[in-house]
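*Asks:* The structure follows.
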Amino acid sequence: MKKFDVIVVGAGPAGSTAARHCAINNLSTLLLEKEKLPRFKPCGGGVTLAALNELDFEIPKNIIERECSGLKAGFNDHQNQVDFSSTVAYMVKRDKFDQKLADMAAEAGAELHDSEVCRDITCSSENITVQTDKNEYQGNIVIGADGFFSKVLKKIRGGFDKEEIRYCIITDIPLPEHEVTERIGDFAELQFGFVDFGYAWMFPKRDCISAGIGGMLSHAKVLKHRFKEMLEMWNLRTDLKTKGCFLPVSRFKHDICADRIMLTGDAAGFVDSFSGEGIRFAIISGKIAAETSLACHRKGSFKKSSLKYYQEKCFETFGSRLKQSNKLTDNLFKYPGVLLGEAIDNDDFLMRYLKTLTGELDLTDVIRPLMKMIPRLFLKKVISIFRMFK
Ligand SMILES: Cc1cc2nc3c(=O)[nH]c(=O)nc-3n(C[C@H](O)[C@H](O)[C@H](O)COP(=O)(O)OP(=O)(O)OC[C@H]3O[C@@H](n4cnc5c(N)ncnc54)[C@H](O)[C@@H]3O)c2cc1C
Numbered sequence: 001m002k003k004f005d006v007i008v009v010g011a012g013p014a015g016s017t018a019a020r021h022c023a024i025n026n027l028s029t030l031l032l033e034k035e036k037l038p039r040f041k042p043c044g045g046g047v048t049l050a051a052l053n054e055l056d057f058e059i060p061k062n063i064i065e066r067e068c069s070g071l072k073a074g075f076n077d078h079q080n081q082v083d084f085s086s087t088v089a090y091m092v093k094r095d096k097f098d099q100k101l102a103d104m105a106a107e108a109g110a111e112l113h114d115s116e117v118c119r120d121i122t123c124s125s126e127n128i129t130v131q132t133d134k135n136e137y138q139g140n141i142v143i144g145a146d147g148f149f150s151k152v153l154k155k156i157r158g159g160f161d162k163e164e165i166r167y168c169i170i171t172d173i174p175l176p177e178h179e180v181t182e183r184i185g186d187f188a189e190l191q192f193g194f195v196d197f198g199y200a201w202m203f204p205k206r207d208c209i210s211a212g213i214g215g216m217l218s219h220a221k222v223l224k225h226r227f228k229e230m231l232e233m234w235n236l237r238t239d240l241k242t243k244g245c246f247l248p249v250s251r252f253k254h255d256i257c258a259d260r261i262m263l264t265g266d267a268a269g270f271v272d273s274f275s276g277e278g279i280r281f282a283i284i285s286g287k288i289a290a291e292t293s294l295a296c297h298r299k300g301s302f303k304k305s306s307l308k309y310y311q312e313k314c315f316e317t318f319g320s321r322l323k324q325s326n327k328l329t330d331n332l333f334k335y336p337g338v339l340l341g342e343a344i345d346n347d348d349f350l351m352r353y354l355k356t357l358t359g360e361l362d363l364t365d366v367i368r369p370l371m372k373m374i375p376r377l378f379l380k381k382v383i384s385i386f387r388m389f390k
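Position 209 of the sequence shown, counting from 1, maps to 209 under our numbering, and the rest follow consecutively.
Printed below as a string of structure tokens:
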């Protein structure tokens, strides 16, 4: 049976980053991917500047479909747009972007096996064994980077709690490049109010517009109908095939490591609950998992107590960002009629929010001024209700 120091399951941004950094640190690394690469991944494909800055190599220009520098946002009759004047997010198609990340892992020395499915994992005090549809491998550590339906996650807990799951519907609408430019240019558009606790989006690519809608899992049934309304409002085709998919949003109540196992990216639920951004946290957690793997090999210990460093470092590095995002989601959507419209009308709020996507600001710099607005807005609302009955 072939042996490795580290076996990474899943070659998305989390897995390929983890595998690359393990290999750079001279750990023998196997990267398993169930699909044939390049593989389709349902995603908006917005890679924020903060995410791109986490990579230690350039993304070739031909992979970048568009550079977005502005945001259009709306909630009912509140419609606004801000131009950041420099790039906030790079629009990519995930098949090409993820292929590049996997290539970089292989170039660093990781052994990449695509079209090979991890079927089972068994852990003993001596090693951890990964059973695939083609072979069996032994390792010291397994990094679970296998996304929402993670097999590795199931070795730690049953699956995501209902409150941690968001549901999305997406489609790519093919259009000539000039038409994409005329309709939306280098702006990303978000429309709130069509679904509770979520939004519909329109992201420009080179030869299409990526449109989608996402919200709470409990609202999954109404999403298809709302999405059609949204596409009609945007004057976009409604006859194309759509794809439904899940998004995990951690509430930080569960461990993300066990003896010889770490969970990264979506498998750990590292997605921003307000924006749906996950690529950044997949890349960062992949890097921290590699750093932890190296430390464990140096120490010769692969027990949960040694791997706890991974969990603590993730929470320290971006845990508060994701928790703040949960808070922002809870507050904005709990009283949408009071806060959301005001936030959208406020250029300063939108600009500050964009700065959290470039990495210039922390979410607290957005939330604090917003919280200060709440008493005044409630008062305004109460006065307007009184006036209605006068
Ligand atoms: C509709 C939608 C829109 C989104 N838009 C954005 C966006 O615009 N910007 C952003 O930053 N984030 C976005 N996200 C979130 C983002 O897609 C994820 O957070 C990100 O892909 C997580 O990366 P990952 O490597 O953890 O998992 P994934 O990218 O899901 O990769 C997991 C990999 O594991 C493989 N795999 C699964 N099971 C096995 C197995 N048993 N054996 C071997 N391989 C396996 C899969 O084939 C896959 O390649 C969006 C998500 C959704 C659903």
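Just so you know, even glycine gets a beta-carbon here, dropped at the ideal spot from N, CA and C.
What you are looking at is a predicted structure, and each value in this text was computed from that prediction instead of being measured.
Of the residues Arg260, Asp83, Asn25, Asn62, which one's Cα is nearest the Cα of Gln99?
*Replies:* If we check each option's Cα against that of Gln99, Asn62 comes out closest.
*Asks:* Do Ile261 and Gly144 come within 8 Å of each other at the CB atom, strictly closer than that value?
*Replies:* yes
*Asks:* State the DSSP-derived secondary structure class of Asn346, mapped to helix, strand or coil.
*Replies:* For Asn346, the three-state secondary structure derived from DSSP is coil.
*Asks:* List the whole-angstrom C-beta distance separating Val6 from Ile141, where the pair is believed to meet the contact cut-off of C-beta under 8 Å.
*Replies:* 5 Å
*Asks:* What do you reckon, is the C-beta of Arg39 under 7 Å from a heavy atom of ligand 1?
*Replies:* yes
*Asks:* Closest by CA to Arg119, which one among Val152, Ala106, Arg66?
*Replies:* Val152
*Asks:* Could you check if Arg280 belongs to the surroundings of ligand 3, using beta carbon to heavy atom distance under 7 Å?
*Replies:* Among the ligands modelled here, namely ligand 1, ligand 3 does not occur.
*Asks:* Taking 8 Å as the threshold, find out whether the stretch 303-317 comes into contact with the stretch 79-95 through three or more Cβ pairs.
*Replies:* no
*Asks:* For Leu27 and Asp114, which I take to be in contact (beta-carbon distance under 8 Å), what is that distance rounded to the nearest angstrom?
*Replies:* Leu27 to Asp114, Cβ: 20 Å. No contact.
*Asks:* Just mark Leu379 as buried or exposed, buried being the case when its beta carbon has 16 or more other beta carbons within 10 Å.
*Replies:* exposed
*Asks:* Heavy atom of ligand 1 less than 7 Å from the Cβ of Lys151, yes or no?
*Replies:* yes
*Asks:* Less than 8 Å between the C-beta atoms of Ser293 and Lys299, yes or no?
*Replies:* no
*Asks:* Look at Asp186 and Ser275 and say whether their C-beta atoms are less than 8 Å apart.
*Replies:* no
*Asks:* From Phe192, Gly46, Ala200, Leu31, pick the residue whose C-alpha is nearest to that of Gly341; which is it?
*Replies:* It is Phe192 whose Cα lies nearest to the Cα of Gly341.
*Asks:* Does the beta-carbon of His21 have 16 or more other beta-carbons within 10 angstroms, so that it is buried, or is it exposed?
*Replies:* By the 10 Å Cβ count, His21 comes out buried.
*Asks:* Name the DSSP bridge partner or partners of Trp234?
*Replies:* For Trp234, which the question treats as bridged, DSSP gives no partner whatsoever.
*Asks:* Give me whichever residues DSSP pairs with Glu189 in a beta bridge.
*Replies:* Lys72, Met202
*Asks:* Can you tell me where the alpha helix (DSSP H) with Glu312 in it begins and where it stops?
*Replies:* 304-314
*Asks:* Quick one: measure Cβ to Cβ for Glu189 and Lys72, integer angstroms, because I've assumed they're closer than 8 Å.
*Replies:* The C-beta distance from Glu189 to Lys72 rounds to 4 Å, short enough to fall under 8 Å.
*Asks:* Enumerate, from N- to C-terminal direction, the unbroken beta strand (DSSP E) stretches of 3 or more residues contained entirely within the stretch 21-93.
*Replies:* 29-32, 46-48, 64-68, 70-75, 78-83, 89-92
*Asks:* Can you determine whether any heavy atom of ligand 1 sits closer than 7 Å to the C-beta of Gly10, and answer yes or no?
*Replies:* yes
*Asks:* Alpha carbon to alpha carbon, how far is Asp365 from Ala290?
*Replies:* 31 Å
*Asks:* Report back the beta-carbon spacing between Gly286 and Gly265 to the nearest angstrom; my notes put them in contact at under 8 Å.
*Replies:* 7 Å
*Asks:* Give every residue of the same chain whose Cβ lies closer than 8 Å to the Cβ of Phe75, excluding the five residues on either side of it in the sequence, and list them in chain order.
*Replies:* Gln191, Phe192, Gly193, Pro336, Leu340, Gly341, Ile344
*Asks:* Taking 7 Å as the line, does the beta carbon of Ala343 fall inside it for any heavy atom of ligand 1?
*Replies:* no
*Asks:* Check this for me: beta carbons of Ser325 and Leu363, under 8 Å apart or not?
*Replies:* yes
*Asks:* Could you give the residue range of the alpha helix (DSSP H) that holds Ser320?
*Replies:* 320-334
*Asks:* Could you tell me whether the Cβ atoms of Thr129 and Thr122 are closer together than 8 Å?
*Replies:* yes
*Asks:* Quick check on this structure: which residue in Cys168, Val47, Asp56, Phe57 has the alpha carbon closest to the alpha carbon of Ile64?
*Replies:* Val47
*Asks:* Please confirm whether any heavy atom of ligand 1 lies closer than 7 Å to the CB of Lys34.
*Replies:* yes
*Asks:* Helix, strand or coil: which one does DSSP assign to Met1?
*Replies:* coil
*Asks:* Taking 8 Å as the limit between beta carbons, can you name the residues of its chain near Gly45, skipping five residues before and five after?
*Replies:* Glu65, Met91, Val92, Lys93, Arg94, Phe97, Phe203, Lys205, Ser210
*Asks:* Let me make sure I understand the geometry here. Which of Ile256, Ser250, Lys241 has the alpha-carbon closest to that of Gly278?
*Replies:* Ser250
*Asks:* Beta-carbon separation of Phe197 and Phe333 under 8 Å?
*Replies:* Yes.
*Asks:* Alpha carbons only, please: which of Ile169, Phe252, Glu35, Leu328 is nearest the one belonging to Gln311?
*Replies:* Phe252
*Asks:* How about Ile284 and Leu55: are their beta carbons less than 8 Å apart?
*Replies:* no
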